[in-house]
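Everything on this sheet refers to the single structure shown next.
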Amino acid sequence: MFSNATKNKPGAEALPTGLTEIVIRGARQHNLKNIDIVIPKNKLVVITGVSGSGKSSLALDTLYAEGQRRYVESLSAYARQFLGQMEKPKVDQIIGLSPAIAIEQKTVSRNPRSTVGTVTEVLDYLRVLYARVGTPHCPACGREVRPQSAAQITEQLAALAPGTRFQLLAPVARNRKGTHAALLKGARGDGFSRARIDGEMVTLNGKIPALDKKKKHNIELVIDRLVAPTAVDLDYRRRLADSVETSLRASQGMLLVDIQSETSAEELLLSEHHSCPHCDISFPELSPALFSFNSPLGMCPTCNGLGVQLQVDPDRIISRPDLSLLDGASPWYGEVRKKNESQWTVNNLSTIAAHYHADLETPWQELPEPFRKAILWGSDGEKLHFTYEGQNADWRGESRREVMGIVYHVDRLFRQTRSEGRKRFYMQFMSQLPCPTCQGERLRPEARFVTVGGHRLPEAIQLSIAEVAEWVDGLTAGFDVEQREIAAELVGEIRER
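This note's numbering puts the sequence shown at residues 16 to 512.
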């Protein structure tokens with residue numbers, strides 16, 4: 016029962032005393048049976064035993080209670096009125112006891128939103144770090160999304176190599192259907208003489224080109240054509256700045272730079288907004304709340320920031336892959352072979368099997384992959400020909416339709432039914448699986464694709480402690496002066512935790 020301690024027996028020699036041990040004589044608190052024990056000081060002592068053997072009675076109700084009681088008694092009467100005093104335990108004598116501290120036992124948090132990062136507050140500092148110095152990327156194309164002012168765009172273009180030929184275009188219609196006659200006439204009225212329509216240069220001085228209203232078109236107004244000078248040219252700089260501002264005004268904050276060289280051509284699509292100009296996806300301003308899966312602003316809209324969602328689980332639909340579908344591989348179908356009412360099911364399965372050249376007598380795990388995919392997930396738009404016949408051959412029918420798959424049907428029926436009994440039935444085919452929208456990362460797309468030091472936040476919180484320390488130590492190396500000032504205190508707080 017007692018580890019690293021000595022228990023006296025009747026007739027044993029007197030217990031030793033001194034500064035190196037705690038000596039207990041005649042402990043009778045609760046279920047302790049008048050025990051004598053010596054516990055070494057400055058050691059880690061573990062008390063073990065079955066339930067009801069007296070572990071807590073010895074450690075808490077005897078040792079801690081007496082240590083705390085003696086300490087409180089040593090204080091002034093004024094101080095004692097603010098401290099609760101424990102009753103003296105049932106014990107004959109305790110020697111060598113110091114003031115005691117008992118740490119409350121805490122249960123493991125059952126909150127699905129709590130992680131080590133939230134409890135230690137490391138995530139709080141990481142969120143601020145990503146909000147202040149993070150670089151957003153488009154979730155669709157992966158390109159960096161960095162809003163630039165007209166002055167910043169001008170500086171970027173002014174740095175082009177001497178002799179570089181380029182033209183500034185204002186994208187006023189991108190993948191939009193229509194004739195766009197009013198838009199082109201308005202552009203001509205504003206003084207624009209050239210435009211690039213679907214990649215072809217046209218003039219606007221004459222007849223407005225007729226466009227097919229049923230097709231999508233890209234229209235860019237030609238703002239200016241320039242050649243980067245070989246030396247500092249203030250007139251060129253002023254002209255470039257004016258053209259950049261004109262383009263941004265004409266296209267509501269966007270600018271297309273068509274760079275021509277002897278060997279290749281390159282286009283830069285720039286924006287002064289928090290948006291991806293290629294995918295037309297807008298982004299909110301970066302803030303700490305955007306990186307919190309506990310905040311409505313940052314949580315994944317599908318799983319509400321939990322990272323998991325109740326979904327149909329293919330492993331539960333096919334629980335016995337070593338059996339054939341006819342013999343009960345799937346509890347959804349049951350043992351089809353033994354059911355009288357299963358002719359409809361057998362007919363459907365036979366049609367699908369024939370289409371994919373599968374044998375229903377074959378164990379599921381040995382069936383062709385296209386057939387298994389069709390049974391679970393559907394035929395992916397492909398239509399199959401089904402024939403039907405009454406039990407007495409009194410009627411016949413046929414149809415050509417797509418196979419939807421068991422996963423689709425279970426999910427649809429689960430969400431449509433209002434019966435708790437039916438819901439419980441469908442739930443036997445479902446599990447808590449990683450959210451298909453956020454891939455278990457709990458954040459909305461705009462937050463998931465912001466990087467700092469080459470890592471997205473969901474990637475950073477998956478690193479080991481050693482990897483996080485190495486990553487944090489190397490963060491500021493890639494920052495500019497302003498970013499270093501912003502991140503200095505945050506990085507220090509993260510290191511301390």
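Note that CB positions come from ideal geometry on N, CA and C, so glycine has one too.
Can you find the residues in the same chain that come closer than 8 Å, C-beta to C-beta, to residue i, ignoring five residues on each side of it along the sequence?
i, result
"R439", "none"
"V487", "V506, I509 and R510"
"D426", "Q326 and V327"
"A368", "D374, L375 and F386"
"P203", "In the sequence under discussion, the amino acid at residue 203 is Arg, which differs from the Pro named in the question. So the list reads L219, N220 and I223, once near-sequence residues are dropped."
"H195", "A188, L226, H232 and I234"
"H470", "L478 and W486"
"N49", "G41, A42 and R43"
So residue i packs on residue j, CB below 8 Å; how close in whole Å?
i, j, result
"Q326", "M445", "6 Å"
"L141", "L472", "6 Å"
"H98", "V87", "Note that residue 98 is Leu in the sequence shown here, rather than His. Indeed, because the Cβ distance is near 5 Å, the residues count as touching under 8 Å."
"D342", "E350", "6 Å"
"G322", "G201", "Actually they are not in contact, since the Cβ atoms of G322 and G201 sit about 49 Å apart, beyond 8 Å."
Report yes if the C-beta distance between residue i and residue j is below 9 Å; otherwise report no.
i, j, result
"Q275", "C450", "no"
"I501", "R147", "yes"
"S345", "W392", "no"
"A173", "R240", "no"
"Q171", "Q163", "yes"
"I212", "N233", "yes"
"E397", "E417", "yes"
"G420", "A389", "yes"
"L284", "L305", "no"
"K103", "E81", "yes"
"L199", "L219", "yes"
"E300", "H289", "yes"
"A225", "T169", "no"
"I116", "Y93", "no"
"L364", "L399", "no"
"C315", "C453", "yes"
"L458", "Y441", "no"
"E282", "A165", "no"
"M216", "V247", "no"
"T491", "A503", "yes"
For residue i, I'd like the list of residues in its chain whose CB is within less than 6 Å of its CB, leaving aside the five on either flank, ordered along the chain.
i, result
"V465", "Y145, G149 and P151"
"I37", "I54, G111 and L112"
"L382", "A373"
"P186", "E235, S266, M269 and L271"
"Q83", "M101 and A115"
"G412", "Y403"
"P25", "Any answer about P25 is weak, because its pLDDT of 47 lies below 50 and its placement is not dependable; what the coordinates show is given next. Nothing meets the Cβ criterion."
"S414", "F401"
Kindly examine the ligand ZN and report whether one of its heavy atoms sits closer than 8 Å to the Cβ of residue i.
i, result
"T432", "The ligand ZN is not among the ligands present in this structure, which contains no ligands whatsoever."
Here's a check: name, in chain order, each residue in its chain whose Cβ is nearer than 7 Å to the Cβ of residue i, leaving out the five neighbours to either side.
i, result
"L73", "A42, L47 and I62"
"A243", "L175, A176, P177, G178 and T179"
"S307", "R142 and G313"
"A493", "The sequence as given places Gly at residue 493; Ala does not occur at that position. Result list for G493: G468, in chain order."
"F298", "P151, V160, H289, S290 and E461"
"Q498", "V148"
"S394", "E417 and V418"
"L75", "A117"
"V496", "none"
Could you say which of the options lies nearest to residue i if we only look at CA atoms?
i, options, result
"N309", "M216, G320 and R335", "G320"
"T317", "L448, V106, E504 and D395", "L448"
"S208", "T194, I223 and G214", "I223"
"D295", "G157, R499, D107 and F494", "G157"
"L138", "Q477, G64 and G489", "Q477"
"I118", "S71, Q96, Y93 and L90", "S71"
"S68", "K58, Y79 and Q44", "Q44"
"Y423", "E482, I332 and V483", "I332"
"G214", "D273, F429 and I109", "D273"
"V361", "Y403, E281, K192 and R335", "Y403"
"Q167", "D205, A210, E287 and G206", "E287"
"K229", "T261, K192 and V247", "K192"
"T366", "V496, A503 and F401", "F401"
"T35", "N49, I50, K58 and D51", "K58"
"F347", "W359, S334 and A481", "The identity of residue 347 in the sequence shown is Trp, whereas the question assumes Phe. Here the closest residue by C-alpha is S334."
"D51", "A475, I109 and A280", "I109"
*Taking the runs of the beta strand (DSSP E) that are 3 residues or longer, which of them lie wholly in the segment 301 to 386?*
323 to 327
*Length-filtered (4 minimum) alpha helix (DSSP H) runs lying within the segment 413 to 450*: 421 to 431 and 435 to 442
_Quick check for students: name the residue ranges of the beta strand (DSSP E) that lie wholly in the segment 116 to 203, counting only runs of 3 or more._
180 to 192
*Go through the segment 220 to 301 residue by residue and report every complete run of the alpha helix (DSSP H) that reaches 4 residues or more, in order.*
249 to 265
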